[in-house]
Structures are given as C-alpha cells and as structure tokens.
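Chains as they are written, first to last, in my numbering: chain A, 855 to 1135; chain B, 855 to 1135; chain C, 855 to 1135; chain D, 855 to 1135.
What follows is a set of notes on a single structure, which appears directly below.
4 protein chains.
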Amino acid sequence: MSNNSNRNWKTTLHEIIYEADTPAGKLFDIVLLITIIASIVLVMLESVKHIDSNYHDVLNISEWIITILFSLEYIARIITVKKPFKYIFSFYGIIDLLSTIPKYISLIVGGVHALAALRALRLLRVFRILKLGRYLGASNSLIAALKASRAKISVFLFAVVIVAIILGTIMYMVEGEENGFTNIPKSVYWCIVTLTTVGFGDIAPQTPLGQFIASLVMILGYGIIAVPTGIVSAEYAQHNKPKTKEEDIHLNTQSCPNCSASKHKDHAGFCYNCGYKLNNE
Amino acid sequence: MSNNSNRNWKTTLHEIIYEADTPAGKLFDIVLLITIIASIVLVMLESVKHIDSNYHDVLNISEWIITILFSLEYIARIITVKKPFKYIFSFYGIIDLLSTIPKYISLIVGGVHALAALRALRLLRVFRILKLGRYLGASNSLIAALKASRAKISVFLFAVVIVAIILGTIMYMVEGEENGFTNIPKSVYWCIVTLTTVGFGDIAPQTPLGQFIASLVMILGYGIIAVPTGIVSAEYAQHNKPKTKEEDIHLNTQSCPNCSASKHKDHAGFCYNCGYKLNNE
Amino acid sequence: MSNNSNRNWKTTLHEIIYEADTPAGKLFDIVLLITIIASIVLVMLESVKHIDSNYHDVLNISEWIITILFSLEYIARIITVKKPFKYIFSFYGIIDLLSTIPKYISLIVGGVHALAALRALRLLRVFRILKLGRYLGASNSLIAALKASRAKISVFLFAVVIVAIILGTIMYMVEGEENGFTNIPKSVYWCIVTLTTVGFGDIAPQTPLGQFIASLVMILGYGIIAVPTGIVSAEYAQHNKPKTKEEDIHLNTQSCPNCSASKHKDHAGFCYNCGYKLNNE
Amino acid sequence: MSNNSNRNWKTTLHEIIYEADTPAGKLFDIVLLITIIASIVLVMLESVKHIDSNYHDVLNISEWIITILFSLEYIARIITVKKPFKYIFSFYGIIDLLSTIPKYISLIVGGVHALAALRALRLLRVFRILKLGRYLGASNSLIAALKASRAKISVFLFAVVIVAIILGTIMYMVEGEENGFTNIPKSVYWCIVTLTTVGFGDIAPQTPLGQFIASLVMILGYGIIAVPTGIVSAEYAQHNKPKTKEEDIHLNTQSCPNCSASKHKDHAGFCYNCGYKLNNE
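As structure tokens, this is what we get:
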C-alpha cells in the first residue's frame, strides 16, 4: 500500500521532471530554465571585480541556493528514473553533475575560478528544457548534410592548417622578430588569424615583402572560405530536396493493376497509361 | 455643396499624399524623399562638434522647418485617410509620429541627443516612398527562404552564443586579467568578436595557450559561417525554382477534352482523372 | 595607287593593333601588356618616398617614354579604326585617353599626385588585351545571376546601410565621445566596419552596454552575410543549369517525321515512340 | 640465388614502405607519421627563443636523428621502387628531398633559419601516409567543381586586385602619408586587407572622406564575397548530383533485348537504337 503510494509519488515526480505535458511539468521546466539562466548570470557577475567586491555575499548565497536546488533536482532525477545508472552516465547526466559539484569542491579546495568553466556547462542543460527535439528534427537534413560533408571539410581544414604552418614559417623568416613575428608558432597563429579573415591586428606585417605575402594569404583566405560554404550548401540542398520534391508533385508509388505503370499522381482515378480504373478512393 | 467641395478637396489631397500616379503625387513623393534624406544629414551634422558649434543656428532652424513640414504631413495623413486610427497605430503611422516629435520634446526637456535615435527612424519612411512593394515582391522567394530557415538559424545562433559563453569562460581563465580578459562577460564579448571573424584586436590573447585556443575558435568560426549560408542558399534555391521543377517532371499544359483536368504527365495516353483517351501521340 | 598602298598600310596596322591572329598582332599585344604593367609599377614606385628621391630621374624618364608610347598607340588607334569618334567615345577610348594625358597635364599644372589615380586606370586596359571575352563568355551565367539578383541585393545593401545608421546612432549615444564615437557619422562608419566583419579596431566599444550591442551587431552581420551569398549561389545555380543539362543528356531538338515525337537522344537511329527510322546519320 | 633473395628482400621492403596492408607496412606508416609531426614540432620549438636557448642540444640532436631517419627512408624508397628517377622527380620525391637536406646544408652554410620553411614542407608528406586517396576520391566532385569554376574565380580575383589597386590609389590621395597611407603599395595592401574583410587596423582611415570611401570598400567586399561562394557551391551542387539528375530525366535501366542498348527514356515503346519493339507497357 505504502509501496503503492510510493510508486504513485515517484511516477508523479517523474512526470513533473521528465515531461512537460502536465501543468506541474511545465511549471518545473520554466522554473528550471530561469534558474539556469540566473546561475549563468551569477557566474559572469562573480568574475566582474567591482561587482564581486561590493555584492560578494549576495552572489555567494545565491550561488549556494542555486547549487542546492540543482543538487535536489539531480537526486530527484536519479530516484525517479527507471535506470539510474543509464541516466548518470548519459550526456545530460554528466552535465548535470559537473554543473552542480563545483561549489561543493570550492568548499574544500577554495578558489572558484578554476571551476567557473564547469558551471558554464549549465548552459547546455537549456537544450534539454527547450525540448530542442523538434528544432533538431527540423534540421535533420542539415545534420545529414554536415555528416555527408564531414570528410571533405576535415580534409579542407587539415589543408588550411598545413597552409597556415608553411605560410607562417615563411612570414617568420620574412618579417622576423623585430616586427612581432617572434617565433614560428606565433607566425602560424597570425597566419590563421589572417586566413580566417579575423585580423586582430595585434601582429601585422611591416616589411613591403611581408605585406605582399600577407595580401596573397588574405586573397587565399577570401577565396577558400567559398569551399566549406559551397560543400555545406550543396550537400544540404541535396539532403533537403527528395522529401520536398515528393510532396511537390504528388506522384504516389502504387502501380496500375492492369499495365503496372507506376508513379501515378495522387487522386488519379485512372491509369494515365492504359486508362484502367484505379481504386485509390 | 461646401461639404461636396470639401470631399473633393480631401480626395485630391489623399491622392497626392498616398498615391504616386498623379504628377502632384509624384512631386510630393520626391519632395518628401529629399526632406527625409536632408533631415538625416542634419541629425548627423548636428552630432559633429565643430560643425554644430559653427552652424548651430542654421542646423537648428532647418531642423525646425523639417519638423514642421513633417508635422503638417502627419496631420494631413490623418485628415485625409478613411480610418485615421488604423493609420495612427499602423507601423508607418508610429514611425511618422516618433520621427516628428523629438524636436518638440527637446523644447520641454532640452538636450536633443537622447532623441537623435528616434529621428534616425525617419530613414524607415524612405521604404514607403520608394514603394518597395515590387522589390520585396521580387524577393518573396527570399523571404520564404528566410522564414523556412528561421528555426534552423535560430538554433544555430543559439548554439553560437552558448559556444561563445563557454569558450569565453575558458579564455578568461587561460589569459586572465593581465591580458585584457578582465572578466567573463568581456571574454565572451571577445569570443563573439572572434567567432564572427570581426576581430577588433582591442583584446587579443597573449599567452601561447590562449593563442592556440583562439586559433581553434577562429577555425571554428570560419567553418560554421558555412552553415547559415548553406541553409539560406539551399532554402532559397528551393523556393525560387517552382518553374524549373515544372519542366523537370514533364507535366504538360494540355487539358483533358472530356473532364478538362490539366497537368497530365507527358506521354500520358489517358486522362488520369476520367480515363478519357488523350490524343497526344 | 598611293591611296591603295595607304589603305593596305592602314589595314595592316589595324590588324596589328586590333587583332591578335597575326604574329605581329600577338607581339603588339604582349609588348602593350608589359608596358601597361610596367607603367603601373612605375606609378607605385613613384609614390614610395625613398625610391622616388633616389631614382627620380629614372622614374620620370621611363614615365615619359611610356606616356609617348601610349600617345602613339592612341593616335594609331584613331587613324586605323573605321569610325574614329565611335572609338574615342567608347569605354576603352576614354580609358586610353585618361590614362595617357596625366603626364602632359603635369607639365602645365605640375604635381602628379592628383592625377596618379587616372594613370591607375591603365590597368583596365589589360582586360582588352587579355581578350577577356571568352572568360566573360564563360561566366555569362554568372553575369545573368548577378543581374537577376541585382534588385534583391540592392534592397539588402540598402537595408544594411539603414541598419548601420540607426545602430550607429544608438552606439553614439551609448558609448559617447570619450570612447572614440565622437559623432554619428563616425559611429555609422564603425557600425559598417563591424557589420561587414572587417573590424579594424581603431574604434571599439568600451562600456559593457556598448560591447553587448556590438555583440548583437556582429552576430547580425555574421548572419546576414548568408543572404547575398544565398541569393547569388541560388540564382547562379539556376542560370547555370539548363545549358549544362542539355549537354548532359544529349536530347536533340529534331522531331520524328512519322509521329513528331521530339527530344530524341543524339545518335538515336529510330524514334523511341513509333520506331520510325530517323535519318540523323 | 642471392640475386633472388635480394629481389625478395627488395619486394618486402617495397611492401613495407609503399603499402599499408601488411602489419609491418602499417607500423612503418604510423612510425613515419609520428616522426613527421615530431619534426614539425621541433622546427617550431627551435624558433622559440627561450626554449632554444635552454634545450638547444636536445633539439639539435633530435633534429639530426630525424634527418638521418628521413635520409634512410629516402634512400630506401629510391632502392626499392621500380623506376627510381620517376620517383625522384615526382611531387612527393621532391618533397622528400627538400624536407631532408636542410640540416645537411646547415652544416656547410650554417644558420638554419633560411631553411626552416623547407623543413615545414615535411607536413605535405602527411598526405601520402594518410592515403588521402579515398578522401580526395570522396571529394572528386569538389575538385571538379573547383576546376569548373577556376576560370570564373580567376577573373573574379583579377578584378578584385584591379579594384584594390585603383581604390588604394584613391585612398592614398585622400588620406595621405600623415594617416599611415605612406605610399600606393601600402594603400593597395590596406585595400586588400579591407576588401577581404580581414581588417588588421594597423592602418585605418582618419579623414571623414577616407572613412566614407572605406565604408564603400567594405560593403563592396561584403557583397562580392558572395560571388566565389556562389560559384563554388553552384558548380559543386551540379557536379555532385548526377544520381538525382538520372531520376529527373526518366532514363530507365532496361536494355533492348535486340541490340542491348540501355538508358531508354521511360514510356519509350521502341529501342532508340534498332527500333525493336520494347515491351515496357
């Protein structure tokens, strides 16, 4: 009996936490969403000197509250789920843990900075709440496209890195240390900055020859950005087409029982080939 | 009678203001267009110290003239339109009001700067004059494409922001305050600057590790720019080519002499709708 | 007789100058190409202080030689062409003149800087020599695509400018003069620098709010770069398709004399529809 | 007999070096891959002052070891290959040589910097090991697309350079030396930096007019980046979808029972080749 009520209690909690169909479930999601965003804002404010110094206690307490809330949620998730370990070692299970423990560790170790990044992982939890399923479902063709173009893009990026290393070495020899190209790694870094058209300008070629080579690098980078874009858009166009085409021209797959001609238009009453009566009404 | 002449007078004014078919209407549009552009130039010149100090009165008077002209136009629009309130609360109605009142408010409040932005909204009015209908009509397929890819692009941008926050936090810990990454928000700002390949260079990583991570961020940003581009161009390509599609699937334009159903497949010997013999051999 | 030889002489010269089929014509083109590039190099070297000061006479004399060569060529073109005035007022005719006179004017006026740009126009003449016809012919579909997307892209760029002006005004009010946003035109300039992902960094937001708005501007710019790219690639894909398709599937235009079925495959010996012998061998 | 064993020995070695099917061959490739990457890391570390000063001997010795290993490999490749000279003058043959000799030359000449770039070429050897054949095979359509768009892109880049030179000359005259545009080549360099949206910011326009022109340059660059992207993605899309094309034009796979000609159009009643009656109704 108590066992039974116990099960009911678990089931209800499971509904609230894992589903968003019941009012309680919706409320839970909204509260969680707000908490997560609040906690990220906290992490950021903490890092701002003058804010941290003035409101240190406020931030500290709120962080504790959020941490405890997350802890309770984490425990609740483990209790209510059928296969606890499956959850614990799932992607979101690990995220949930990593984004909860830092504050506790800071008690022992002290110094929260080294763990701030972990707390930033809380952001990933937003995806779960927003039930991004449909969005991602909507972009299945996009994912398929990215998968299809993965090999090509990796070759492309690999080539970019090699080009960057070789050109970086050349620039190091042309410009030398007096112009900021103090060593090859730094030159390679500059070369990537330039190839990707980011162009910080913290390092910039000073010698005419260096500027000439830089121009070539830039035009190269300007040209090759077309490659990944081309690949993705073409692949995407392909993976995105068939389904829509089907819809556009309503050619169904049934074949005429008389002449076995296929690809009839939907609602076609008669075979376009032999005029035989089709029974698709 | 006077009522009648009154109506005529209103109708004529309405034609002049809202239409561009009569010579008067064309003239009105041209004058308005010039006035708007002139007013924007004014707003800009006002903000330039040495110009404002030398020609303050000229600018002030011209601004007043333009404001009065806009006020008269605004009143005229309200009088002449059939449903005044529908206009007042329409997009352009609000723009018209917002872009007119600042100068009046500056009389009471004083200090025009805080309202300069509102006056900049006058630019939006240009769209109305240019009757951009046809242009936008021309790019209906573009809008359709953007609508279709909205969900995917929002997911994409959301992911970019999350990546920026996480990487920004990491960079904050790697580079630290001594290298300009004074706090996480600023690091996130830097990360967005880098991911979008803008690269101001006001903040730039100094440590080798920081530069290495930055390189990854840049190559990432260089790669993922392909995604929105790919989506838009693919979607656009689809929404833009119904005509060509028509050709691809051999649906001819002849209609069945019996049931007048059209869009038969080429080589169709019989009407798909009524089975009537088609004589297209 | 002399008239006759005269004509011959003219015709020969015309062949040499305007055509590239005869050995002499080819030689002429090559010499001209070298001269043009040499002259551009000259214009550049002249502008480099220490080079100009050391080799001023050399540069000056070479410039004179080139100018005289171009003058002779210009005169020869006028003499030998059938309709001199048509040439003189043609695109290349004007380019030829503008790129020749500066040196003469510098005699009277003095100070070559103000005319350096005109001499840079000589570069455009390269297009004529390279007989870019075939290249441009090769990219007819590209030009068609650009024409087709002109309206949309102009609307797009117009929108970008308006966005830049409005956002620029906002940034001017947010950042203010102490952070380099000294006036609205400069803020708009900064906004364009940012929207286009160029990001010089000579002006950069300092206030947190300014950096937040800047982040939005950057993500916006990062997103909207997809629009022109999408338009061009989609339009280009369309304008580029029909022709290639034709080639790919060799469907010729002849129709069967018996059943007048068209779109036969090339080398098809018999009508696919009625089996009638086709005489396309 | 010894000759025979000799051949066997050669064959085995050839298998190990040139193939990756035998365990020994796999091992060889892995070892080589590690050596190459190690050597690149060496080249980089050498260039970092404080590392080089502290660990100069370690770096020097390791470099010698790697150089000797590469030398042995190079000799082994020459011995075991059927046509030594074909290999020596092949792309990879030259790479292998160039990436091996620098250390030896440094013995005679001294000063390794001038040759560091050559050693960076070792990276290219990675491609051979990774047997990128399949990847490149996977991106054959990409290569085809790049080939197809080569002419157009070269015209495009050529136009970009000319635009850069002309605009650079104008900026030089507008901004002048006091604002960093010290000479035309440098202005052209700045113009390329801006057109490609890199934007270092080491040189930036200061005069209002200069900033206005710069804005135009940026919007231009922002717009024309769409062109190469558009070309590549469109061409790539075309070269990538023969399969889908097949479907579009209804060429079925059945072959004529009489002359066994295939690729008949759907609904074809008779063989296009021999006129034989096809029974596909």
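Using N, Cα and C, we set each Cβ at its ideal position, and we do this for glycine too.
Remember, it's a predicted structure, so these values are computed and weren't measured experimentally.
>> Taking the straight line between their C-alpha atoms, what separation do you get for D/M898 and A/K1040?
In response: 9 Å
>> Quick check on B/L926: buried or exposed, where buried means 16 or more other Cβ atoms within 10 Å of its Cβ?
In response: exposed
> Got a sec, what are the start and stop residues for the alpha helix (DSSP H) A/D875 sits in?
Replying inline: Unbroken run through A/D875: none, as it is neither H nor E.
> Any Cβ of chain A within less than 8 Å of the Cβ of C/S916?
Replying inline: no
> Three or more beta-carbon pairs under 8 Å between the stretch 1053-1071 of chain D and the stretch 1059-1071 of chain C, yes or no?
Replying inline: no
> So which residues on chain D does C/P1082 lean against when the C-beta distance must stay under 7 Å?
Replying inline: G1077, A1080
>> Closer than 9 Å between beta carbons: that is the criterion. Which residues of the stretch 1020-1053 of chain B meet it against chain D?
In response: T1051, V1052, G1053
>> Whole angstroms are fine: how far does the CA of D/A1091 sit from the CA of D/K1099?
In response: The predicted model places D/K1099 with a pLDDT of 40, which falls under 50 and marks its position as unreliable; any figure quoted below should be read in that light. Roughly 11 Å between the two C-alpha positions.
> Which class does B/F1054 belong to by DSSP, given the choice of helix, strand or coil?
Replying inline: coil
> Where does B/V902 fall in DSSP's three states?
Replying inline: coil
>> For C/T865 and C/A930, I'd like the C-alpha separation in whole angstroms.
In response: 12 Å
> What's the C-alpha gap between A/M1072 and A/V885?
Replying inline: 48 Å
> By the 10 Å Cβ neighbour count, where 16 or more other Cβ atoms means buried, how is C/H910 classified, buried or exposed?
Replying inline: exposed
> Is B/D1056 closer than 8 Å to C/A1058 when the C-beta atoms are compared?
Replying inline: yes
> At what residues does the alpha helix (DSSP H) containing A/V935 begin and finish?
Replying inline: Careful: A/V935 lies outside any alpha helix (DSSP H) and carries neither H nor E.
>> Looking at chain A, is there any beta carbon in it that lies within less than 8 Å of the beta carbon of B/G987?
In response: For B/G987, the predicted model reports a pLDDT of 48, less than 50, meaning its position is unreliable; a value from the coordinates is still stated below. No, B/G987 lies away from the interface with chain A (no Cβ there is under 8 Å from its Cβ).
> Which class does C/Y1059 belong to by DSSP, given the choice of helix, strand or coil?
Replying inline: According to the sequence displayed, residue 1059 of chain C carries Pro and not Tyr. Coil.
>> What does the alpha-carbon distance come out to for the pair D/P1082 and A/G1077?
In response: 7 Å
> Taking 8 Å as the CB-CB cut-off, is C/A1013 touching chain D?
Replying inline: no
> Are the C-beta atoms of C/G1064 and some chain A residue less than 8 Å apart?
Replying inline: no
> Hey, is B/K936's beta-carbon within less than 8 Å of any beta-carbon in chain A?
Replying inline: no
>> Please tell me whether A/G1055 has its Cβ less than 8 Å away from any Cβ of chain C.
In response: yes
> DSSP state of A/G1034, grouped into three classes?
Replying inline: coil
>> My output table needs one value for C/V1042: the three-state DSSP class, helix, strand or coil.
In response: helix
> Closest to B/G1084 by CA distance: which of A/E1032, A/P1062, A/S1003 is it?
Replying inline: A/S1003
> Comparing the C-beta of C/S925 with each C-beta of chain D, is any distance below 8 Å?
Replying inline: no
>> If you follow the alpha helix (DSSP H) that B/V963 is in, where does it begin and where does it stop?
In response: That residue, B/V963, is in no alpha helix (DSSP H); it is neither H nor E in DSSP.
> Helix, strand or coil: which one does DSSP assign to D/L896?
Replying inline: helix
> How many angstroms separate the CA atom of B/L952 from the CA atom of B/L972?
Replying inline: 6 Å
> Looking at the C-beta of A/I1007, does it have a partner C-beta in chain B at a distance below 8 Å?
Replying inline: yes
>> What does the alpha-carbon distance come out to for the pair D/I1016 and D/I1046?
In response: 10 Å
> Between A/S960 and chain C, is there a C-beta pair that is closer than 8 Å?
Replying inline: no
> Are the beta-carbon atoms of B/I920 and B/L896 separated by less than 8 Å?
Replying inline: yes
> Taking the alpha carbon of D/Y958 as the point to measure from, which residue in D/A1005, D/E917, D/V1028, D/F943 has its own alpha carbon closest?
Replying inline: D/E917
> In chain order, what residues of the same chain have a beta carbon less than 6 Å from the beta carbon of D/D906, not counting five sequence neighbours either side?
Replying inline: E900
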